[in-house]
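So the sequence shown is numbered by the numbering used here: it starts at 1 and just counts up by one. Presented below is the structure to which this report refers.
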Amino acid sequence: MKRRFAAALAAALALVALPALAEPVTVVATFTILGDMVRQIGGDEVAVTTLVGPDGDAHVYEPTPADARALGAAKLVVVNGLGMEGWIDRLVKASGYKGPVTVTSAGITPIAGEEEHGGHDPHAWQSVANAKLYADNILKGLIAVDPAKADALRANHAAYRAKLDAVEAEIKAALAPIPRKDRKIVTSHDAFGYYGKAYGVTFLAPVGLSTDAEASAGDIARMIRQIKKEKIKAVFVETIADPRLLEQITRETGARIGGRVYSDALSAAGGPASTYIGMMRHNLAQFTKALAPAS
């Protein structure tokens, strides 16, 4: 009896001595691209809530009471910055959130944009080199919140950086055979400036950096003339944009709609662009198919 009691006591003491299971870090990311990056780096160490969901438009998003509650329960908020989320400061204030905010675009050299975005183009993730800086900033933010998870987070980050290196090499290799003079693409709104600068592609758009803008009749006329003059082969409708404007342009120019591409938001799970890397590969396939010379 004494031996059984001693064994039971030892087992109970062993259970007490076990460390408590670590809770995941609760993170709120403003839109799907950032949410995916946090998940890739955080893995099982994070629980992520994304405010603007798949195929959503962060430019014109209207936060909800549920969003404020999510921020109130978070340990870290992850934003893009560069004026992308004009609503985030109001939401943080309304939620009462007092914790750290990781600005993923910190350290990136921005390209010029519209005044409503502080004079910067906010779509910096369209360059994979910039996406690597996003990943670095996310890693720093997560470690600062929970240093005990640093080893696991660094391992995830290293694996993700290797994947980013691979997709960056794929983009450069796929575009290399296409002469630079032929790398001209029309998209719904001006979201691919960083992509163009990084990979030598000229992007034209009837609408500016924000989908909240509207193209004037003069803008459309100039776009049509330019497409005809430069013999641009295809235009691309972004998943967050109204396709009717580009459909009008294609009717009047003879260019064809080359497919749907993803700029500011990922697809739903199971879709063609449910991760950042999946988005970059999907867009590359669409672009190169349209730009490749006729056989």
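Glycine included, C-beta positions come from ideal geometry on N, C-alpha and C.
For the 9 Å CB-CB criterion, residue 99 and residue 75 form a contact. About 7 Å separates the beta carbon of residue 175 from that of residue 200, a gap short enough to meet the 8 Å contact definition. According to the DSSP assignment, residue 187 belongs to the beta strand (DSSP E) that extends over 184-187.
One thing to note: residue 286 has its Cβ within 9 Å of the Cβ of residue 260.
Collapsing the DSSP output to three states places residue 201 in coil. The beta carbon of residue 149 sits closer than 8 Å to those of 22, 25, 45, 142 and 143, all from its chain and outside the five residues before and after it, given in chain order. Straight across, the Cα-Cα distance linking residue 72 with residue 27 is about 11 Å.
For residue 76, the secondary structure class from DSSP, reduced to helix, strand or coil, is strand. If you look at residue 51, you'll find it in the beta strand (DSSP E) that goes 46-52.
Comparing C-alpha distances from residue 177 to each of 49, 32 and 288 shows the shortest one belongs to 288. Closest in C-alpha terms to residue 84, from the list 101, 235 and 57, comes 57.
Close CB contacts of residue 39 within its chain, under the 8 Å cut and outside five residues either way in sequence, are with 46 and 48 (chain order). Going by beta carbons, residue 54 and residue 267 fall inside the 9 Å limit.
Of the residues assessed, residue 126 falls on the buried side of the cut-off, its CB having 16 or more other CB atoms within 10 angstroms.
Residue pairing from DSSP places residue 31 in a beta bridge opposite 52. With distances taken between CA atoms, residue 171 lies nearest to 283 out of 283, 32, 33 and 35.
Closest in alpha carbon position to residue 167, among 78, 278, 292 and 102, is 278. Residue burial annotation: residue 70 is buried, with at least 16 other C-beta atoms found within 10 angstroms of its C-beta. Beta-bridge partners of residue 120 (DSSP): 112. Per DSSP, the continuous alpha helix (DSSP H) segment holding residue 288 begins and ends at 276-291.
For residue 103, the three-state secondary structure derived from DSSP is strand. Scanning its chain for C-beta atoms nearer than 7 Å, with the 5 sequence neighbours on each side dropped, one finds around residue 196 the residues 202 and 203, in chain order. Residue 184 counts as buried, since at least 16 other C-beta atoms from the protein chains shown sit within 10 angstroms of its C-beta. Our two residues, residue 271 and residue 159, have alpha carbons roughly 23 Å apart in a direct line.
Distance from the Cα of residue 59 is smallest, within the candidate group 94, 122 and 134, for 122. Annotation: the continuous alpha helix (DSSP H) that includes residue 160 extends over 150-175. Rounded to the nearest whole angstrom, the CA to CA distance from residue 78 to residue 140 is 11 Å.
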